[in-house]
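K.L.:
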DNA sequence: CTGAAAGCGCTTACAG
DNA sequence: CTGAAAGCGCTTACAG
């Protein structure tokens with residue numbers, strides 16, 4: 005291990021000042037009107053010695069860490085880890101790295117984690133707003149660090165958002181089922197005020213209305229999966245006439261699958277099943293389950309593009325960006341033609 | 005936003021030197037023999053003004069970033085994202101943060117990523133050794149930064165390891181199947197020299213021998229899943245007598261499920277299925293699939309404990325630690341009694 | 001028991 | 001066109 009070469013070494017070897025080296029290395033040779041030959045000499049020596057500016061010193065001096073904080077409920081959830089992967093790729097390409105944390109539905113912990121990000125001088129934040137953290141995130145958006153929110157929409161917080169078109173997602177799901185011959189389409193969601201869930205519900209109801217069908221909605225109370233399964237079972241038994249159901253989130257789909265299994269029903273012969281949110285299990289299920297998919301890579305790309313734009317613009321733009329991405333309906337055998 | 009208070013502010017307000025403040029803040033008051041009353045005064049003012057040492061300045065000065073680099077094939081794989089979650093929790097508790105990257109099976113990229121970690125002065129590394137990166141990681145272990153490897157074992161690299169007992173995992177799987185009445189147990193693996201796969205194979209073969217059964221091994225060539233499915237199909241057709249198969253990795257299990265489905269076989273009546281590596285899908289499959297599970301939290305915990313031990317011991321211990329954790333067999337209906 | 005000072009490796013206004 | 005110097009906020013040997 006040779007010792008790390010510093011800007012001083014370069015300057016000394018060439019008999020010039022460190023300012024000059026710094027300018028050249030940072031590509032400001034032209035701007036600072038350093039002569040061509042000197043610039044070249046510096047660059048050659050830099051190359052030869054493999055000099056790299058020390059990231060720590062630079063961060064300390066400039067206050068920029070090139071680190072972005074990524075805060076979600078649980079990094080091990082497929083949706084979030086998928087986003088994490090793409091975000092890292094895009095960030096790495098642009099010289100940034102991601103530090104992440106999972107709030108695990110714990111408000112105090114979430115506050116601490118946000119504080120840690122601040123203490124570490126992250127340059128920006130990517131957050132799927134955790135429950136109860138509205139105030140903290142709101143005040144964060146007031147600070148000078150860019151914040152991009154995704155997944156959850158919260159009208160009170162003015163910030164950059166990347167979300168999907170939930171309304172359209174369920175709307176199209178209903179239309180798909182209608183096209184395939186289903187007439188009694190149920191919708192199972194969770195009793196909540198989260199905006200994305202409300203949008204999914206209204207997408208369902210608008211489609212039901214415009215297709216001239218009858219609405220069958222079940223709002224579950226969030227709880228352990230055994231209870232969810234029971235509640236779905238009860239709903240299916242009550243509403244005998246249903247020939248299709250749409251489950252509004254991945255865990256409701258899980259409960260739905262279990263309930264259908266327990267009741268001894270066949271998909272899609274007895275009942276069709278459609279999931280909001282797509283994940284590997286659905287593709288390998290027997291039969292494979294039709295799902296409304298969120299475009300992970302596009303979401304990640306849009307998040308990073310927004311963030312990079314903010315990071316690179318000195319003046320804090322007042323304009324607020326909201327990117328709404330379309331969902332994709334992955335049609336599989338759980339919703340084949342019913343005739 | 006008030007301006008950040010620095011160590012200077014504290015010192016000036018109290019009319020003392022910054023050295024004294026620094027010592028007190030870093031808990032060296034006793035050691036440096038600062039008087040009780042002064043120590044108390046300092047701590048009170050620190051509390052009152054909410055002074056926190058600037059992490060950046062500290063890192064710059066000490067060379068310690070309290071950041072750990074986490075390098076895996078793909079952070080969005082359930083196994084790795086699960087580890088990522090637990091590692092972050094443990095790390096955060098100890099004042100460390102994780103930056104991660106996915107190598108995505110790309111050697112050049114992996115080298116770059118390792119370089120980025122170095123440039124950013126991470127304090128330590130957690131790595132699931134990517135293919136072809138043996139030399140780089142080897143030389144990394146020679147450096148003074150602690151490195152903990154996990155998941156993959158590579159005998160040539162002397163480092164701290166946290167791995168699971170693969171041999172025992174398949175050994176017990178075979179015994180379980182024998183107990184349940186299966187006699188013609190096949191093993192489907194991949195043709196590779198990766199140590200963990202070899203261990204799984206030898207675990208199978210040792211158990212087959214000790215149980216007095218006949219060995220049926222298929223080594224697939226790694227390729228797109230459609231090919232894997234075909235090859236598994238072919239194997240099942242060839243070996244008509246099989247009443248159970250063990251799939252050596254999660255993606256082979258996927259291929260196995262598909263192949264069994266395509267051949268119109270019933271689990272477990274026609275054939276029992278057992279997966280090495282457990283994941284959500286298996287639990288929700290119809291029927292649920294028995295699996296050898298890797299204890300995620302324990303793995304993460306052991307990784308962090310090893311790393312923290314290294315980080316806190318000044319002298320670089322020559323001793324090398326290898327933690328081998330037992331697997332857990334999650335018995336489900338895919339391997340019920342055959343009578 | 002406490003303080004004055006060097007220095008970590010950079011960037012950047014200022015001077016010439 | 002180039003250099004001397006301040007300073008970012010800390011830690012830590014050294015001095016008294």
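Residue numbers (the numbering used here), protein chains in the order written: chain H, 5 to 343; chain Y, 5 to 343.
Note that CB positions come from ideal geometry on N, CA and C, so glycine has one too.
Nearest to residue 221 of chain H by alpha carbon, out of H:310, H:243 and H:233?
P.N.:
Here residue 221 of chain H refers to the residue found at position 217 when the first chain is read from its first residue. The residue with the shortest Cα to Cα distance from residue 221 of chain H is H:243.
K.L.:
Report yes or no: do the segment 51–71 of chain Y and the segment 60–71 of chain H share at least 3 C-beta pairs separated by less than 8 Å?
P.N.:
Short answer: they touch.
K.L.:
Once DSSP output is grouped into helix, strand and coil, what is the label at residue 102 of chain H?
P.N.:
Here residue 102 of chain H is taken as the residue at index 98 of the first chain, counted from 1. Of the three classes helix, strand and coil, the one that applies to residue 102 of chain H here is strand, per DSSP.
K.L.:
Below 9 Å between beta carbons: does that hold for residue 161 of chain H and residue 142 of chain H?
P.N.:
On the first chain, residue 161 of chain H is found 157 positions in, with the first residue counted as 1. On the first chain, residue 142 of chain H is found 138 positions in, with the first residue counted as 1. The answer is yes: Cβ separation under 9 Å.
K.L.:
Please state the DSSP three-state secondary structure of residue 175 of chain Y.
P.N.:
For the purposes of this step, residue 175 of chain Y is identified with residue 171 of the second chain, where counting begins at 1. Residue 175 of chain Y: helix per DSSP, three-state reduction.
K.L.:
So residue 281 of chain H and residue 254 of chain H are in contact, right, with Cβ under 8 Å, and what is the actual spacing, rounded?
P.N.:
On the first chain, residue 281 of chain H is found 277 positions in, with the first residue counted as 1. On the first chain, residue 254 of chain H is found 250 positions in, with the first residue counted as 1. Their Cβ separation, rounded to whole angstroms, is 4 Å, which keeps residue 281 of chain H and residue 254 of chain H in contact under 8 Å.
K.L.:
Any beta carbon of chain H sitting closer than 9 Å to that of residue 201 of chain Y?
P.N.:
For the purposes of this step, residue 201 of chain Y is taken as the residue at position 197 of the second chain. No - not a single Cβ of chain H is within 9 Å of the one on residue 201 of chain Y.
K.L.:
I need the boundaries of the alpha helix (DSSP H) containing residue 309 of chain Y, first residue and last residue.
P.N.:
Your numbering for residue 309 of chain Y matches position 305 in the second chain. 300–316 is the extent of the alpha helix (DSSP H) around residue 309 of chain Y.
K.L.:
Hey, out of Y:290, Y:291 and Y:283, whose CA is closest to residue 297 of chain Y's CA?
P.N.:
Looking up residue 297 of chain Y in the second chain gives position 293. Closest by alpha carbon: Y:283.
K.L.:
Is it the case that the segment 270–278 of chain Y contacts the segment 178–189 of chain Y, given that we only count it when at least three CB pairs across the two stretches are under 8 Å?
P.N.:
Yes, they touch.
K.L.:
Can you give me, in chain order, the residues of the segment 265–289 of chain Y that have a beta carbon less than 7 Å from any beta carbon in chain H?
P.N.:
Those would be 265, 284, 285 and 288, in chain order.
K.L.:
Show which residues of chain H have a CB atom less than 8 Å away from the CB atom of residue 102 of chain Y.
P.N.:
Counting from 1 along the second chain, the entry for residue 102 of chain Y is found at position 98. Going along chain H in sequence order, the residues near residue 102 of chain Y (Cβ under 8 Å) are 103 and 104.
K.L.:
Considering only C-alpha positions, which residue in the set Y:121, Y:307 and Y:196 is nearest to residue 226 of chain Y?
P.N.:
On the second chain, position 222 is the one that residue 226 of chain Y refers to. Out of Y:121, Y:307 and Y:196, Y:196 has the C-alpha closest to the C-alpha of residue 226 of chain Y.
K.L.:
Take residue 327 of chain Y and list the residues in its own chain whose beta-carbon comes closer than 6 Å to its own, dropping the five residues that flank it on each side.
P.N.:
Residue 327 of chain Y sits at position 323 when you count from the first residue of the second chain. Cβ neighbours of residue 327 of chain Y beyond the five flanking positions: 166 and 306.
K.L.:
I'd like to know whether the C-beta of residue 258 of chain H is nearer than 9 Å to at least one C-beta of chain Y.
P.N.:
The sequence position of residue 258 of chain H within the first chain is 254, counting from 1. With 9 Å as the cut-off, residue 258 of chain H counts as an interface residue toward chain Y.
K.L.:
Where do the N-terminal and C-terminal ends of the beta strand (DSSP E) with residue 326 of chain Y fall, by residue?
P.N.:
On the second chain, residue 326 of chain Y is found 322 positions in, with the first residue counted as 1. First-last of the beta strand (DSSP E) with residue 326 of chain Y: 326–329.
K.L.:
So the candidates are H:212, H:201 and H:245; which of them puts its Cα closest to the Cα of residue 224 of chain H?
P.N.:
For the purposes of this step, residue 224 of chain H is identified with residue 220 of the first chain, where counting begins at 1. Here the closest residue by C-alpha is H:201.
K.L.:
My parser needs the beta strand (DSSP E) runs of 3 or more residues fully inside the segment 7–94 of chain Y; what are they?
P.N.:
The segment 7–94 of chain Y contains these whole beta strand (DSSP E) runs: 71–76.
K.L.:
Which bits of chain Y does residue 56 of chain H rub up against, with CB to CB less than 7 Å?
P.N.:
Here residue 56 of chain H refers to the residue found at position 52 of the first chain. Residues of chain Y passing the Cβ test: 123.
K.L.:
Flag this pair as touching only if the segment 43–57 of chain Y and the segment 95–109 of chain Y have three or more C-beta atom pairs under 8 Å; answer yes or no.
P.N.:
No: fewer than three Cβ pairs fall under 8 Å.
K.L.:
Could you confirm whether any beta carbon from chain Y is found closer than 9 Å to the beta carbon of residue 118 of chain H?
P.N.:
In the first chain, residue 118 of chain H corresponds to position 114, counting from 1. Not closer than 9 Å to any Cβ of chain Y, the Cβ of residue 118 of chain H fails to qualify, so no.
K.L.:
In the DSSP assignment, what are the bridge partners of residue 277 of chain Y?
P.N.:
Along the second chain, read from residue 1 onward, the residue named residue 277 of chain Y stands at position 273. Bridge partners of residue 277 of chain Y: Y:249.
K.L.:
Between which two residues does the beta strand (DSSP E) holding residue 295 of chain H run?
P.N.:
The residue you call residue 295 of chain H lines up with position 291 of the first chain. It spans 294–297 - the beta strand (DSSP E) in which residue 295 of chain H sits, taken as one unbroken run.
K.L.:
Quick check on residue 79 of chain H - is its C-beta less than 9 Å from some C-beta in chain Y?
P.N.:
Counting from one through the first chain, the residue named residue 79 of chain H turns up at place 75. Output row for residue 79 of chain H: interface = yes.
K.L.:
Check this for me: beta carbons of residue 263 of chain H and residue 237 of chain H, under 9 Å apart or not?
P.N.:
Locating residue 263 of chain H in the first chain gives position 259, counting from the first residue. Locating residue 237 of chain H in the first chain gives position 233, counting from the first residue. Yes, these two residues count as a Cβ contact at 9 Å.
K.L.:
Could you give the residue range of the beta strand (DSSP E) that holds residue 334 of chain Y?
P.N.:
Along the second chain, one-based indexing puts residue 334 of chain Y at 330. Counting along the chain, the beta strand (DSSP E) containing residue 334 of chain Y begins and ends at 332–334.
K.L.:
For a contact defined as C-beta to C-beta under 8 Å, what are the partners of residue 64 of chain Y on chain H?
P.N.:
The residue labelled residue 64 of chain Y in the question sits at position 60 within the second chain. Simply 60, 61, 63 and 64.
K.L.:
Exposed or buried, what is residue 335 of chain H when buried is set at 16 or more other beta-carbons lying within 10 Å of its beta-carbon?
P.N.:
Numbered from 1 along the first chain, position 331 holds the residue referred to as residue 335 of chain H. It counts as exposed.
K.L.:
Look up residue 190 of chain H in the DSSP assignment and say whether it is helix, strand or coil.
P.N.:
As a position in the first chain, residue 190 of chain H is number 186, starting the count at 1. Correct three-state label for residue 190 of chain H: strand.
K.L.:
Alpha carbons only, please: which of H:25, H:163 and H:207 is nearest the one belonging to residue 173 of chain H?
P.N.:
Working through the first chain from its first residue, we reach residue 173 of chain H at position 169. Looking at the Cα atoms, H:207 is the closest of the given residues.
K.L.:
Pull up the distance between the alpha-carbon of residue 40 of chain Y and that of residue 159 of chain Y, whole angstroms please.
P.N.:
The count along the second chain starts at 1 and reaches residue 40 of chain Y at position 36. The count along the second chain starts at 1 and reaches residue 159 of chain Y at position 155. Their backbone Cα atoms lie some 54 Å apart in a straight line.
K.L.:
Grouping DSSP H, G and I as helix and E and B as strand, with all else coil, what is residue 139 of chain Y?
P.N.:
One-based indexing of the second chain puts residue 139 of chain Y at position 135. Three-state result, residue 139 of chain Y: helix.
K.L.:
Using a threshold of 9 Å, state whether the C-beta atoms of residue 86 of chain Y and residue 300 of chain Y are closer than that.
P.N.:
Sequence index remark: in the second chain, residue 86 of chain Y carries index 82 (1-based). Sequence index remark: in the second chain, residue 300 of chain Y carries index 296 (1-based). Contact flag set, yes.
K.L.:
Relative to the C-alpha of residue 185 of chain H, which residue among H:23, H:247, H:93 and H:230 is closest?
P.N.:
Taking the first residue of the first chain as position 1, residue 185 of chain H is located at position 181. Of H:23, H:247, H:93 and H:230, the residue nearest in Cα terms is H:247.
K.L.:
Going by beta carbon distance, what residues of the same chain come within less than 7 Å of residue 32 of chain Y, once the five residues before and after it are set aside?
P.N.:
Along the second chain, one-based indexing puts residue 32 of chain Y at 28. Result list for residue 32 of chain Y: empty, nothing under 7 Å.
K.L.:
Could you tell me which residues DSSP pairs with residue 164 of chain H in its beta bridges?
P.N.:
Reading the first chain from its first residue, position 160 is the one you call residue 164 of chain H. In DSSP, residue 164 of chain H forms a bridge with H:152.
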